[in-house]
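S.K.:
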Amino acid sequence: MSVVEAVSAQSTASENLTGEAYRNAMHRWLHANLPASFRSDSAAFAPPTLQQSVAWEAAMYRAGLTGITWPKAYGGHGRSLREHLIANQEIGRLAMPESVNSIGKELAGPIILAVGTEEQKRRFLPAILEMRNIWCQGFSEPEAGSDLAGLRTRATRDGDGWRINGQKIWTSGAYRSQRCLVLARTGALEDRHRGLAMFAVPLDAEGVRVRTIKSIDGRESFCEVFFDEVEVAQQDAIGAPDEGWAAAIRVLEIERATNRMYRAWRFENELRHLISSCKADPALSAMVADRHYAVRLGEVAVEIEVLKAHVETAVEALVKGDKIGARGSLAKLYWSESHQRFAALALELLSQASLPQKAAITVARRRFEAIYLQARAETIYAGTTEIQLGIIADRILQLSRGK
Amino acid sequence: MSMAEGLQPDEFAATAARAVTACAGLDARAQAQNLAGDGLLGVIADEQVGGLALPLGFAVPVIAAAHSGLLTFPLLETILVARSFQSSLTRLAAAIVSGKTLATIGWRGEAVAAREGGLLVLSGTVARAPCAACADYILVRMSGGAAALVPIDADGVVVEEAAGLDLTVPEHTVRLEKVEVSVGSILPAGTWDPLNSDANVLRAAAILGSAEACLALAQEHASTRRQFGHALSYNQAIRHALARQKLGLESIRHAITRSLSEGGGPLQRDAAFLAAVTYGSSISEGALQIHGGMGFTWDVPVHRHLRRIRTLQAQGDASGLISTLGRRYVSEVAPFAEAGT
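Top to bottom, those sequences are chains A and B.
Per this note's numbering, residue 1 is the first one in the first sequence, and the count goes up by one each step.
Per this note's numbering, residue 404 is the first one in the second sequence, and the count goes up by one each step.
(1) Could you give the residue range of the alpha helix (DSSP H) that holds GLU118 of chain A?
(2) What is the DSSP secondary structure of MET545 of chain B, counted as helix, strand or coil?
(3) What does PHE227 of chain A pair with, by DSSP beta-bridge criteria?
(4) In chain A, which residues lie with their C-beta within 7 Å of the C-beta of GLU653 of chain B?
(5) Going straight from the alpha carbon of ARG327 of chain A to that of ALA550 of chain B, what length do you get?
(6) Kindly list, in the order they appear in chain B, the residues whose Cβ is closer than 8 Å to that of TYR334 of chain A.
(7) Which class does GLN235 of chain A belong to by DSSP, given the choice of helix, strand or coil?
(8) Quick check on this structure: which residue in A:HIS273, A:LEU125, A:PRO126 and A:VAL210 has the alpha carbon closest to the alpha carbon of GLY166 of chain A?
(9) SER177 of chain A by DSSP, collapsed to three states: which one?
(10) Reducing DSSP to helix, strand and coil, say where GLN630 of chain B ends up.
(11) From SER687 of chain B to SER215 of chain A, what distance separates their C-alpha atoms?
(12) Taking C-beta to C-beta, are SER400 of chain A and SER636 of chain B nearer than 7 Å?
(13) Considering only their Cβ atoms, is the gap separating ALA58 of chain A from GLU130 of chain A smaller than 7 Å?
(14) For THR660 of chain B, which residues in chain A fall below 7 Å Cβ to Cβ?
(15) What residues of chain B sit near SER277 of chain A, judged by a beta carbon separation below 9 Å?
(16) By how many angstroms is the C-alpha of SER277 of chain A removed from the C-alpha of PRO71 of chain A?
(17) Using a Cβ distance threshold of 8 Å, determine whether the region 109-123 of chain A contacts the region 26-35 of chain A, with at least three qualifying pairs required.
(18) Does DSSP classify MET261 of chain A as helix, strand or coil?
(19) Per DSSP, HIS470 of chain B forms a beta bridge with which residues?
(20) Along chain A, which residues have their Cβ under 9 Å away from the Cβ of VAL671 of chain B?
(21) Mapping the DSSP letters down to three states, classify SER172 of chain A as helix, strand or coil.
(22) Are ALA422 of chain B and LEU443 of chain B close, meaning C-beta to C-beta below 7 Å?
(23) So, is the C-beta of HIS624 of chain B closer than 7 Å to a C-beta in chain A?
(24) Taking the alpha carbon of ASP41 of chain A as the reference point, which residue from A:ILE380, A:ILE371 and A:GLN235 has its own alpha carbon closest?
(25) Would you list, in sequence order, the uninterrupted beta strand (DSSP E) runs of no fewer than 3 residues that lie entirely inside the region 550-638 of chain B?
(26) For GLU414 of chain B, does the count of other Cβ atoms within 10 angstroms reach 16, so buried, or fall short, so exposed?
(27) Within the continuous beta strand (DSSP E) that includes ALA824 of chain B, where are the two ends?
(28) In the structure shown, what three-state DSSP assignment does PHE415 of chain B receive?
(29) Taking 7 Å as the cut-off, decide whether the C-beta atoms of ALA538 of chain B and ALA485 of chain B are in contact.
(30) State the CB to CB distance for the pair VAL306 of chain A and TYR334 of chain A, rounded to an integer number of angstroms; the pair is presumed to be in contact (CB under 8 Å).
(31) Quick one: list the residues of chain A neighbouring GLY678 of chain B, beta-carbon separation under 9 Å, in chain order.
(32) According to DSSP, is GLN52 of chain A part of a helix, a strand, or is it coil?
(33) Report the neighbours of SER726 of chain B on chain A: residues whose CB is nearer than 8 Å to its CB, in chain order.
(34) Is LEU154 of chain A helix, strand or coil by DSSP?
(35) Closest to VAL300 of chain A by CA distance: which of A:ILE361, A:GLU348, A:GLU378 and A:LEU271 is it?
(36) Buried or exposed: VAL319 of chain A, going by 16 or more other Cβ atoms within 10 Å of its Cβ?
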């Protein structure tokens, strides 16, 4: 029985579960199956290898925890966005590793669902969910970071297919990916957003070169990707030139509001972990009971509740058929900045721990020092804070730019 | 079929806005008659006292519209007192819902009660009571979280003007010097906290209304005021400041919605109020800044909203609340043990 068949069988077995029964089933599975070594709030934590992550995420998929809203015809579970939220709340409540294929599941997949051909949906989507194909995102370029419309990577017609030349940068996880969702220019640079097309470029194609970049957390997770006369078949072009980008923008708007929907619940897990660690330390246990830090921790708790409100409101709006439009920028701006404030508070508290250092503090420092550094990127990727503010000003407030 | 079926809270916003406009320039009693005529004083009170028997969520757009329109009437307090006594003092509650009797609440301080025969004798000082000077009754907190409804004209009640930012809905301090009240005027122990929790949601709604008005004023000014040959909104600094205000505004709105949803409990209600205080203050102060010197004038109404938001912050004791919330949150987390144990 193939993986897709196994998942289909499981979906049939659990498809009658709704609401709290569905939540309980997801909760039980996660608690029974997540290895302690994957939990960053555990002394046994050891960052999973790529192979372990792939196996874990494939198991999550089989358990019904990824591909939740994707149609069953393409390997998904065919459930509602509300159930997607429930599953993500349970995922967020555990300190588990981030997906190594979030680009596949939350960007490439939804774009293919929206504008891909039937053949592409059947070829790409199950492979993403089964973790046979990891994807990366080839949008940013050295001269086109926030200003994507200025990108220069060129796709030219070559017989029945395409030939791609150019360079991408800040491509997270390219070294471990099989496919890159490449945004390339088919028209002139002056055309800006017109004349842009998307391609699912296989990273083992001749002419593709990947170079890792060491980031501030010491990891080499993002990359430069060079395309030198790379031949891409027409069947790997996603959407029609000119049309693909517009459709992708619509998908991106939804994704900005809904991707990694578990964030608020993960932040809550982090807050509770921080407090529990402090309460295991003589000096810190007194500090967190004191008004000063109680207020500051309370402020973090309030921000987490507000973030949950942003997420749940967006889900309800989408379920009712409302257009999400640029509202995803509000949630993105909110979570990225509030998480940075929280991470800084965590470092501040943990730096005042008693000596000799308790085991709980060792675990917490390892986790929160990594979170602090990684959070610096959160106001940069997926549209910087300044880009989000611009979107809110332009498209939500519709402020005049006129003279 | 209950009254709530087929109705949506937002449908009340337009009615409330019209009623608020009609109240301009009227004294408190005339305003009460106007608001009662539109069913707004009894929006959450039982039908037996003339109310609409709707859930608290229906009071949210009413209160938001009242504060957006700078209503000079203690609507939040009136709505809550009417509901609080709908079972025990039915006729009085009906008089409040009909606008004939005016009531307010002293949000800070509490009275100490002593029993004398069949009566209770209250002593103490309560403060932050909006419009107490023109009210007929004031609800005061008692020890143990009970509450008492006290006639303002009773012997021993002294209403004093108090310094406060909100000049159009002035707050008063009320001294109770051995004031006799009937046992029927008492709400039992444990009443105050849920009442104040509902008040926090409505305070958040009030701040939402004011913040919406401030952002609209700031946006209008930024779009029409020209400096250096451009509208102010041409400048990125102004655009980004307004965008942050919009983020704050939507954060208040969503937090209120969540606090009233199925999963909304005390934490979510407190969070809605605290978020409203934080973002509402920032939005109103930011709107004042965007208006430049004009923002510091009496005629531009931003300062009136700012005054109200800061007053609501004090009435809900936001400083004490965030401290309590943080301490409670910390106390509920167990010391670190290995994950899964």
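Glycine is no exception: its CB is placed at the ideal position from the N, C-alpha and C atoms.
M.R.: Taking the coordinates as given:
(1) GLU118 of chain A -> alpha helix (DSSP H) spans 118-129.
(2) In the displayed model, MET545 of chain B falls within a strand according to three-state DSSP.
(3) According to DSSP, PHE227 of chain A bridges with A:GLY166 and A:VAL208.
(4) Per Cβ cutoff of 7 Å: LEU330.
(5) Here the C-alpha atom of ARG327 of chain A lies approximately 43 Å from the C-alpha atom of ALA550 of chain B.
(6) TYR334 of chain A reaches chain B at LEU650 and SER654, counting residues in chain order whose Cβ is nearer than 8 Å.
(7) If DSSP states are grouped into helix, strand and coil, GLN235 of chain A belongs with the helices.
(8) Put simply, of A:HIS273, A:LEU125, A:PRO126 and A:VAL210 the residue whose alpha carbon is nearest the alpha carbon of GLY166 of chain A is A:VAL210.
(9) Coil, per DSSP.
(10) Strand.
(11) Rounded to the nearest angstrom, the two C-alpha atoms are 40 Å apart.
(12) Taking 7 Å as the cut-off, the beta carbon of SER400 of chain A is found closer than this to the beta carbon of SER636 of chain B.
(13) The answer is yes: Cβ separation under 7 Å.
(14) The contacting residues are ALA309 and THR313.
(15) For SER277 of chain A, the chain B residues whose Cβ falls inside 9 Å of its Cβ are PRO738 and PHE739, in order along the chain.
(16) Taking the straight line from one Cα to the other gives about 42 Å.
(17) No, they do not touch.
(18) Of the three classes helix, strand and coil, the one that applies to MET261 of chain A here is coil, per DSSP.
(19) DSSP, once it has assigned bridges, lists no residue as partnering HIS470 of chain B.
(20) According to the sequence as given, residue 671 of chain B is Gln; it is not Val. Those within 9 Å of GLN671 of chain B in chain A are GLU305, LYS308 and ALA309.
(21) Looking at SER172 of chain A - three-state DSSP - the assignment turns out to be strand.
(22) In contact: ALA422 of chain B and LEU443 of chain B (Cβ atoms closer than 7 Å).
(23) No, no contact with chain A.
(24) Nearest Cα to ASP41 of chain A within the set A:ILE380, A:ILE371 and A:GLN235: A:ILE371.
(25) Fully enclosed beta strand (DSSP E) runs of 3 or longer: 550-554, 560-564 and 574-585.
(26) Exposed, since its Cβ has fewer than 16 Cβ neighbours within 10 Å.
(27) Any question about residue 824 of chain B goes unanswered here, given that chain B covers just 404 to 744.
(28) In this structure, DSSP gives PHE415 of chain B a helical state, which the three-state scheme calls helix.
(29) For ALA538 of chain B and ALA485 of chain B, no; Cβs fall outside 7 Å.
(30) About 7 Å; that satisfies the 8 Å criterion.
(31) Looking at the sequence provided, one finds Ala at residue 678 of chain B rather than Gly. VAL302, GLU303, GLU305, VAL306 and ALA309, listed in chain order.
(32) The answer is helix: DSSP assigns GLN52 of chain A an H, G or I state.
(33) Near SER726 of chain B (Cβ distances below 8 Å), the residues of chain A are ARG291, ALA294, VAL295 and GLY298.
(34) Looking at the sequence itself, residue 154 of chain A is Arg, so the reference to Leu does not match. Strand, per DSSP.
(35) Closest option to VAL300 of chain A, Cα to Cα, is A:LEU271.
(36) It is exposed - the Cβ of VAL319 of chain A has fewer than 16 other Cβ atoms within 10 Å.
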